[in-house]
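The structure appears below as structure tokens.
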Amino acid sequence: MYKYQTIAQKLRKKFTDGSYQPGDLLPDQESLANEFNTTRLTIRKAIEQLIQDDVVYVKRGAGTFLRKDVHQSKLEASIDKPVGATRTYAGRNVTSKVLELSARLPTKEEQQALLISPNEPVYVIRRVRYIDGEVFAYEHTIMPTKLTTLTKKVLEGSIYKHLAQVDHLRISRSHRIIAAAKASKEDVKAMGVPINDPVLVIKQISYTEEGEPFEYSKTHFPYQKSNMVADVSINPPDTW
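Quick note, the sequence shown lines up with residues 230 to 469 if you use the working numbering.
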């Protein structure tokens with residue numbers, strides 16, 4: 230994670246711990262640079278990130294303000310962001326319990342999803358993700374072995390970070406199908422949830438900047454952690 234992204238996350242935390250209220254004016258960039266021991270350029274990039282996320286806005290001649298309509302779901306990370314739990318929950322304790330790391334030939338469904346041939350082996354990854362010691366999700370991921378070399382140590386951390394730093398792979402987008410289901414025996418064993426408890430299921434295909442699918446996954450979230458956020462902008466017609 231770049232320094233400006235880390236600072237943006239730290240500012241988000243300040244927005245949620247009561248240091249700022251909706252509508253408050255933020256310190257000027259020089260003051261923020263001194264506070265975070267960095268440059269004004271880095272602060273400017275962090276502010277630009279928060280502007281893109283609709284958390285703050287700039288009023289010419291007045292400064293940077295926390296949006297009045299900002300709400301907790303914008304300030305806190307949620308499972309709708311296709312950047313991985315480690316980056317989404319930066320600043321919190323994200324850990325993983327690896328249940329499986331193996332390789333085999335892909336099924337027809339996996340071939341179609343990943344646009345690979347029947348003879349191209351894939352990793353089979355199963356792990357449970359924890360946030361601050363609490364179960365967050367149970368992941369089942371299929372990934373072509375040609376992309377990278379995975380180890381248990383990599384899986385205990387961030388796969389996306391490994392792909393970015395070691396293989397210089399950049400994630401562009403994800404296609405998701407979201408559904409509700411009842412907890413299976415596998416969910417019970419992995420996450421400790423009661424059988425038939427509701428779980429949120431996200432089936433996802435993730436793509437590189439070149440448009441190549443590199444991940445086909447299915448993730449189950451306990452209903453207590455199932456928080457999806459969607460901001461909808463409406464351009465009203467000239468007449469109703």
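Yeah, the Cβ is synthetic: ideal placement off N, Cα and C, and Gly gets one too.
Nothing here was measured: the structure is a model prediction, and the numbers come from that model.
Annotation for residue 288: 294 place their beta carbon closer than 8 Å to its own, counting only its chain and skipping 5 residues before and after.
Excluding its 5 nearest sequence neighbours in each direction, residue 259 has C-beta neighbours in its own chain below 7 Å: 269, listed in chain order.
Annotation for residue 442: 343, 344, 434 and 436 place their beta carbon closer than 6 Å to its own, counting only its chain and skipping 5 residues before and after. Under the three-state reduction of DSSP, residue 450 is assigned to strand.
Membership of residue 297 in any beta strand (DSSP E) is not indicated, and neither H nor E is assigned to it by DSSP. Residue 438 and residue 247 have their C-alpha atoms some 38 Å from each other.
Using a 10 angstroms sphere on the CB of residue 449, the tally of other CB atoms reaches 16 or more, which defines it as buried.
In this structure, DSSP gives residue 424 a state outside helix and strand, which the three-state scheme calls coil.
With 16 or more neighbouring CB atoms inside 10 Å of its own CB, residue 314 falls in the buried class. Non-local C-beta neighbours of residue 296 in its own chain, meaning closer than 7 Å and more than five positions away in sequence, comprise 251, 283, 284, 285 and 286, ordered along the chain. Of the other Cβ atoms in all chains shown, fewer than 16 fall within 10 Å of the Cβ of residue 331; this residue is therefore exposed. Comparing alpha-carbon positions, the option among 386, 354, 262 and 277 lying closest to residue 446 turns out to be 354. Checking the DSSP bridge columns, you'll see residue 442 partnered with 436. In the DSSP assignment, residue 369 falls within the unbroken beta strand (DSSP E) covering 363-373.
If you draw a straight line from the Cα of residue 324 to the Cα of residue 352, it comes to about 20 Å. Exposed is the label assigned to residue 257, since fewer than 16 other Cβ atoms lie within 10 Å of its Cβ. Our two residues, residue 413 and residue 377, have alpha carbons roughly 31 Å apart in a direct line.
For the set 278, 422, 350 and 263, the Cα lying nearest the Cα of residue 231 is the one of 278. Beyond the five residues adjoining it in sequence on each side, residue 243 comes within less than 8 Å, by CB distance, of 249 in the same chain, given in chain order.
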